[in-house]
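Residues 75 to 254 in the working numbering are what the sequence shown lists, from first letter to last. Here a beta-carbon is modelled for each residue, glycine too, at the ideal position from N, C-alpha and C. In this text the structure is predicted, and so the values were computed from the model without any measurement. Worksheet for the structure shown next.
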Amino acid sequence: MQQYSRRTFKMAKKINNIKKYSNWFESEGGPLILISEENCFHWKGVFGEEQDYWRLIDEEIDFVDKKEINGKKFIAFGDEPLPARVISCDNGIIFLRWVAAEDDLDIFNFINFICFEKMEILGEINIDLKSGKYFIFDAALPGETEEKYEIYFEKNVSVATTYLFRPGGDDEFQVNVFLY
75 MQQYSRRTFK MAKKINNIKK YSNWFESEGG PLILISEENC FHWKGVFGEE QDYWRLIDEE
135 IDFVDKKEIN GKKFIAFGDE PLPARVISCD NGIIFLRWVA AEDDLDIFNF INFICFEKME
195 ILGEINIDLK SGKYFIFDAA LPGETEEKYE IYFEKNVSVA TTYLFRPGGD DEFQVNVFLY
């Protein structure tokens, strides 16, 4: 894992104006990937002669990692099969992973009050993500799958930071933050 700095906090300390969010989704056990529209339809998953999925899982994946397989650059999320949700806001994209909570309302009671500087940092990585259309889906599936969620990054993102969000009680969420 790369060493992180506190520079993320200079960019934003909290979520600004939630625009939209996905339904909860999860993988079938493999890692989720975030891949550009350009590379998405070249991703083979576990199908075809060039099985991108097997190459990916042979590598160690941290909370968020920048990867390249067969010339396709993408972001891989650690392969805990946790329910996930994507939140688009004015200052970036937030990727929530449900670790423990009674129900999904727990996160929405707290989401507008998340303050990044009060959460434990699990990791940070330079990703150099260009603005544009991306898709997130289970790495075992081919890029043509309909089981993917479209995400639009309005601006470039240089750093992805992963936090542990514990709003209270037994509730716990992993928060992957891609701020502009």
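key: glutamate 246 - DSSP class collapsed to helix/strand/coil   = strand
ask   = In angstroms, rounded to a whole number, what distance separates the CA positions of asparagine 91 and glutamate 194?
value = 23 Å
key: Span of the beta strand (DSSP E), counted from its first residue to its last, around isoleucine 131   = Looking at the DSSP string, isoleucine 131 is not in any beta strand (DSSP E); the run it does join, the alpha helix (DSSP H), is 126 to 131.
ask   = For threonine 235, which option in Phe115, Tyr95, Asp139 has the closest C-alpha, if you only look at C-alpha atoms?
value = Asp139
inquiry  = Given a cut-off of 7 Å on the beta-carbon distance, is the pair lysine 207 and glutamate 142 in contact?
reply    = no
request  = May I ask you to list the residues that DSSP assigns as paired with arginine 240?
outcome  = Per DSSP, none; premise fails for arginine 240.
ask   = Which one of Ser232, Lys147, Ile225 has the shortest CA to CA distance from phenylalanine 169?
value = Ile225
inquiry  = For glycine 152, tell me which candidate among Arg171, Tyr223, Ser205 has the shortest Cα-Cα distance.
reply    = Arg171
query = Going by Cα to Cα distance, which pick from Lys204, Ala174, Lys222 is closest to leucine 238?
reply = Ala174
message = I'd like the span of the beta strand (DSSP E) that includes cysteine 189, first residue to last.
response = Careful: cysteine 189 lies outside any beta strand (DSSP E) and carries neither H nor E.
key: C-alpha gap between lysine 229 and isoleucine 149, whole angstroms   = 16 Å
Simplified DSSP assignment, three categories, for isoleucine 185 = helix
query = Going by C-alpha distance, which of Asp202, Glu221, Ser205 is nearest phenylalanine 211?
reply = Glu221
request  = Whole angstroms is fine: what's the gap from lysine 192's alpha carbon to isoleucine 201's?
outcome  = 23 Å
request  = Assign asparagine 144 to one of three DSSP states: helix, strand, or coil.
outcome  = coil
inquiry  = To the nearest angstrom, how far is the alpha carbon of glutamate 100 from that of glutamate 198?
reply    = 23 Å
request  = Within the same chain, show all residues whose beta-carbon is closer than 7 Å to that of leucine 130, passing over the 5 residues directly before and after it, in chain order.
outcome  = Pro105, Lys141, Ile143, Ala150, Ala213
Closest residue to glycine 217 among Phe121, Trp98, Lys88 (Cα-Cα distance) = Phe121
task = Can you give me the Cβ contacts of cysteine 163 inside the same chain, cut-off strictly under 7 Å, excluding the 5 residues immediately before and after it?
result = Ile89, Asn90, Asn91, Ile92, Lys93
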